[in-house]
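Each residue of the sequence shown is one higher than the last, beginning at 1 in the UniProt record's numbering.
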Amino acid sequence: MEEQLVQLLSATQTAQEGPRKQAEQQLLSLYGHQELPLGLVGIACHASVPLNIRQASLLYLKNLVLAGWSDSLDEFKGQILVTDDNKLQLRQRLLELATADQLDRKLKAAAGLVVSKIAIADYPIDWPDLLDSLLQLIPNASDGQLHGALKVLGELVEDCLNENTFFGVAPRLIKALYDVAINDQRKPTLRALACKVFHGCFDILEMVLEDHKATVKGFADEILKDWIPFFINVMNTRLPDPPSYQDEEQDSPGAELYKGNVAFKLQVVKVLMRIRSVFPAILAPQSLILFQATWTELSLLQPAYSLMYIHEERQSRLEDADGLPYTLDFLVLEELDFMQACLRAPPVRAQLEQELQNQTVENSWVTQVIKLAVAYAQITTEEEGLWEIDVNIFLSEETSVTANYTPRTACGDLVIKLGEWLTQPTIDGLLTYTRVLYSESKGWKAEEAALYVLNQLLSDFQDVDKQIGPEAASGYVDFIRHAMQQPDSFLRARGYLVAGSLTRTSGNALQPLAASFLEACLQAISSDDSDVVQVSCIRATQCYLQALPHSATQPLQQNIILAVTNYLNAQDMQELAEGDDLVITMVETLRDAILIDTRICITGSGLDTLFQVASYQANNFQLTMLVVEAFEEVTQSIADMGGDAYVQLCAKVLPSLTGAFDVGNLTEENALCNFAADLLAVLAERGPEPLPAGFVATTMPKLTRLLLGSDDEELLKSATTAVKNIISHDHQQLFEWRDETGKAGLEVALIIVSRLLTSSSDHAAGEVGALAAEVVEKAGHERLGPYLEGLLRSVAVRLAKAEQAQFIQSLTLVFARLSLNHAGEVVDFLARQDIEGQNGLQVVLAKWLENSINFAGYDEIRQKYVRLQRIPYGDDQVFGWFNVKGINVIALSKLYDLKDPRLAQVQVKGDLIASNDGRIMTRSRAKTNPDQYTIVPAPLKILKVLVVELQSASGAPLDASAAAELAEEGSEDGDWEDEPNPFVDLGSGYTREQLMAFAAEEPGGGRQRDDETQSFLIDFFKRAATTPGFQEEFNGLTEEEKQRLRDSAA
C-alpha cells in the first residue's frame, strides 16, 4: 500500500487542480483502512522517499489523528479510525522518528506535532511512558536526538500538559531543561530551545496560580532558586563581536555561533520577562542587578547595532526553523523592553531616585538612558529604503498602527515610560542631550532620532492631557527650524511633525509662532519635492487645527483644503487606493479643516474632496467610517443653523450621492453604493422635519432600485436605514410621492419590506424590523387598513426563522413599539396566528424573551430608533421623557400587566442547567450535547428579564471575565509585587467605579447607571407584587434574582 500512498501523496503536490483534488479524495476514502496510518508512518521513516513526500505523509497522518484517533479531540469526526494495536505501534514509531539523530529538522518537527496531538488524547492513561522516554533520552542524547526531544517536549508543554498532569512531572522536566540550559558544551541553539520550553511552563503555572496561589508560588520559588542566578550569569556574559557582512552571507562557523549565542541570550530575556509577569515578587530582589546588566549590555551592543543596521543593511527580524529569533535587532528589542520593565521595579526606582538627587541634568542617569534611546531610535538603512519607496509604511510607523514593533518604537515607549515617572527630568534630559547632538554634528539620523523620541513623548502628553513647559518648548524652536531647512528629507519631515506636536502640547507657549509654522507646513505640502515631507506636513496640520482657536485657523481654512486637494490631484489614484495610511491621513486632515466652519461645505469643495478620496477606497471600512462620521458632524452642524442652510447642503451633496449610485451600478461596485447609502442615511437622519421639498423624489427611485434589485447584504442594510430615516423625518412627503409606475410611496415601502422579509439572509434583512416599525407607526391603521395584519404576520413568520441576534432584535422592535400603547391588541393578533403549526404568540414571545438580554447593546430597542417621546403609563402616571433605552422595559411591563392567561400558557427557556459531569466541553461535545435550559411560563421570564434590566439600570459591575480582560490589558504597567489585583477584586467599590467608567468610554462596552429606568422598574415591581399570582412567580425566581428585588425594595 505504501507505493500507492506515495503516488497519491505526490499527486497532492501537483499544481493541476483536477489530479490534486482527486488524490485528496482518494486519501480521504481510505480512512478506516488500518493500512493507511501504518503506511503513512512507514513512508515518513523511509530515507529513500523524497523529503516533501515524507512531510506530506506526516501532514495527512496528523489530519487522520485529529479526525479519528479519539473522541476527546476537538476535530473528531465521530468514528475511531485506528485500532488499539496499531495505536501502540504508531506511537512508538512516531516518537522514534521525532527524536532521530540524523534527520531533517522540518521532518522531525512534523513528527513531533503528530506525537503531541496523540498525547493530548492518550497521555498519561494510554501512553504513560511518553515523558519518561524523553527524559531518559535527554542526558546522553546526541545533538540531533536532543533537538528532537526538546521539540516534542515543547509541543507537550504547549498542547498536552495541564494542571492535573504537569505538577507530577514538573520537577523532573524542569531539571532536565535546566541541565541542558547550563551545559556550555551544548550548542547555543539547543540551550536556547531548552529555555523556550521552560518559558512555556509558565503558561501552565499562570493558569493554576489564581486557584492555588500558595502552592504554585512555593513551587516557583523552589525551581527559580537555580534558574535566576543562571540567568543573571548569562546576562552578564558578553556577546562576541558580530561577524563581518561576508561571513554572515556565507554562513561561516563563526557567524553560526554568533547567531546561536544571540538566540540563547534572547530566550533568557524572554523567560525573565515571563517570570516578571507571573511571579514579579520573586524577581524583584534581583531587579537592580538585572537592570544594570541589561543597560550595560545595550550600551556595549550599540556600536555593533549601529554598524549592522544603521550604516549597513544586514538581515533583520529573522528566526530559525524552530521559531528561535537569532538576529541582533530582536535581542536589542527584547532587552529594551526588559529594561523598561525593570524601571518599574521598586528596588530600581528607589536606587535611581536616590542617585538623581545628587546629579546634574548633564550627567544624570536619565540623560544617559535618553542617549541610549536616541542611539537605538535612529532610522535603519532598511527603513530608510522602504519609506522612500512607500510613504504608507512611513505613516503606519508614525501613527503606531503597524504591527512592526522595532527597536525604534521600543525606544519611544521607553522614554514615554520614563516621562510618566519623572516628567521634568525626562524633558530636561532630552533637551540637554539634543543640544549636545546638534552641537557635535552627529549626523542627520541622530538629530532625527532625538526629535522622534521627543515626538513620541509629546504624543503621550497629548493622550493624557499633559503639557510641556514654555521654557522647554521654546528651547526646541531653533532645532525645529534647523531641521525644516535640512536637505535630508526624513529630518526635514521630522521638523514639521515636531513643530505641530509641540504647538499642540505647549499651551500658549508657541502661539506667536504657530501661524508661521502652519503656513510653512502648507507651503511644503505644495512645493516640497519629497513625498515623506508632504505627507508629514498633511499630518502635522491636524495638530495645528486641534491646538489653535478657530479664529486663527478660519482665515486659512480654504488654503488648507486647497493644499490637500492639490496634493491629492497630483497622485495616481490607483496607487493611492493601495495605501490606507496616506488616504486616512488626508481624510482626517480634511475633516478637521472642514469642521473649522462647516458652511464651507455649502460654498467650497471640501466635501467633494472628502467624497472623492473615499470613493476610491469605498471598500475600506475604517476610511468610509471616518467620512461618514465627519459627514454626521457636518450635517448636524448645518441643520442646527436653521434657515435654508440644510436645503443648500442637500443641493450640494445629493447629486454626488445619487451619481455614486449610478456609477456603482454601472461598475458593479457595491461598496461605492453602500458608502453612498450610508451618507444618504446620515443626511436624512440629521435633517429637519419635514425634509426639503423634492428630497424623496430625488432619492427614493435610487434607493428603491437598490432595495428591490440588489443581493448585497451590507448595501441592503444601509439602503434600508436610509428609507427608514426618510419615513421617520417626513412620512407625508414619502406617502404623497409616486414612483415611475404610479405606485404610491406607502405601497413602495411595503414592497420593500416584503422583499426584505423574504430574504434568506438574516444579515441582509437586519434593518427591516426598524423600517417596518416606522411604516406601521407613521402610516397607522387608517392608511394601512387590511395590509397591517398582513405586514405583522410577515414579520412574525420571519421572526420564527431568524437566528442572528441583531435580526431578531430588529424584528422584535416592531412588536415592542406596538406594545407600548396597544399591548392587548398585539397579544390578540398573535394569538390568532398559526405559524407552521405553532401559535404566533408562542413564536414571537419565545424569540423576544429568550434573546432580549442578549441584544447587542440594545442598539435598536434601547438606543437608536425611537426619538424622545412622552409615554403614559396607566391612567395617571407619566414615565418621563423616555429615550429608546426604556422601550423594551416598558413593552415587557405592559405585557406582564395584562395578566392575560394566554401569556401564562406560553413556555420559554428559563435558566441554563449547569453540567456537573466535570468533563472539559470540547467543540465536538458541544455539538452533541447542547446547553440545556429550564422551561418557564412567559410571565415568569418577563420578570427574569426585568430583574436583569433592574441590575443594569443600577450601574452594575462588569462581570468577572470582562474585568479580567481589563486587568490583563493593564498588567504591563503593574507593580513588581504580588499584591491582590484590584481589577479582579470586584468587591472594591472604587475599582468597580473605575471599571465602569472605563467601559462607559466604549459605545455598548458596558452598562451605565440609568436612574429613570431604575425608578420605573422599582415602581413596577412594587405594583406587580400586589397583583394576583405574583407570589407564585416570585417563588420561581432564583435566589440571586429574589435578593436583587429585595435589595431594590429596601
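By construction, the Cβ of each residue, glycine as well, lies at the ideal position given by its N, Cα and C atoms.
Three-way DSSP call (helix, strand, coil) for T704 in this model: helix
Whether T699 touches E767 by CB criterion (8 Å): In terms of Cβ geometry, T699 and E767 do not form a close pair [threshold 8 Å].
Nearest-angstrom beta carbon gap, K847 and A802 [assumed within contact, 8 Å]: Their Cβ separation, rounded to whole angstroms, is 7 Å, which keeps A802 and K847 in contact under 8 Å.
Buried versus exposed call for Q286 [16 or more other C-beta atoms within 10 Å across all chains shown]: When all chains shown are included, Q286 counts as buried.
C-alpha distance - E319 paired with L95, whole-angstrom precision: Distance between the alpha carbons of E319 and L95: 26 Å.
Test item: CB-CB of A722 and L703 under 8 Å: yes
Helix, strand or coil at V216 [DSSP, three-state]: helix
Residues bridged to P325 [DSSP beta-bridge criterion]: E319
Residue from Q79, E2, L30 and A23 with nearest C-alpha to C45: Nearest C-alpha to C45: E2.
Sub-8 Å separation of L576 and T609 beta-carbons: For L576 and T609, no; Cβs fall outside 8 Å.
Distance between E714 and I935 (C-alpha atoms, nearest Å): 37 Å
Simplified DSSP state of P407, which is helix, strand or coil: Helix.
Cβ-based neighbour list, D211, same chain, cut-off 8 Å, excluding 5 preceding and 5 following: none
Neighbourhood of D592 by C-beta distance below 6 Å, restricted to the same chain and skipping five residues each side: Q542 and L545
Beta bridge counterpart(s) of V936 as assigned by DSSP: Here V936 is bridged, per DSSP, to V908.
Beta-carbon proximity of G154 to K108, cut-off 8 Å: no
Distance between E75 and A119 (C-alpha atoms, nearest Å): 15 Å
DSSP beta-bridge partners of residue 1052: Only positions 1 to 1050 of the chain appear in this structure, which leaves residue 1052 out of reach.
Cβ shell of Y123 (< 6 Å), same chain only, five flanking positions each side left out: L130 and C160
Beta-carbon spacing of T503, I538 below 8 Å: no
Contacting residues, own chain, Cβ-Cβ under 6 Å from E668 (five flanking each side not counted): none
Local Cβ density within 10 Å of Q13, reported as buried at 16 or more and exposed below that: exposed
Nonlocal neighbours in the same chain, by C-beta distance under 6 Å from E206, ignoring five residues either side: V278
Strand pairing of A744, partner residues [DSSP]: R738
Opening and closing residue of the alpha helix (DSSP H) in which L239 lies: It is not in any alpha helix (DSSP H) - L239 carries neither H nor E in the DSSP assignment.
For F291, the nearest candidate out of Y258, F231, S244 and T812 (CA to CA): Of Y258, F231, S244 and T812, the smallest CA-CA separation from F291 is found for F231.
Cβ contact (3+ pairs, closer than 8 Å) linking the segment 236 to 254 and the segment 177 to 189: no
Collapsed DSSP secondary structure at I913 in the structure displayed: strand
Given L422 as reference, the closest of R349, G42, F661 and V908 once Cα atoms are compared: R349
C543 (DSSP reduced to helix, strand or coil): helix
8 Å Cβ cutoff met for V628 and L590: L590 is positioned such that its CB atom lies no closer than 8 Å to that of V628.
Selected residue, minimal CA-CA separation from G507, among K217, L706, A473 and P425: A473
The segment 671 to 678 / the segment 610 to 621 touching (three or more Cβ pairs under 8 Å): yes
Close beta carbons around S536, own chain, < 7 Å, minus the five adjacent residues each side: Non-local beta-carbon contacts of S536 in its own chain, meaning distances under 7 Å to residues more than five positions away in sequence, involve A493, Y496 and L497 in chain order.
Same chain, Cβ closer than 6 Å to T294, neighbours up to 5 away in sequence not counted: E335, F338 and M339
Sequence-distant residues of its chain with Cβ nearer than 7 Å to Q648 (five each side left out): I602
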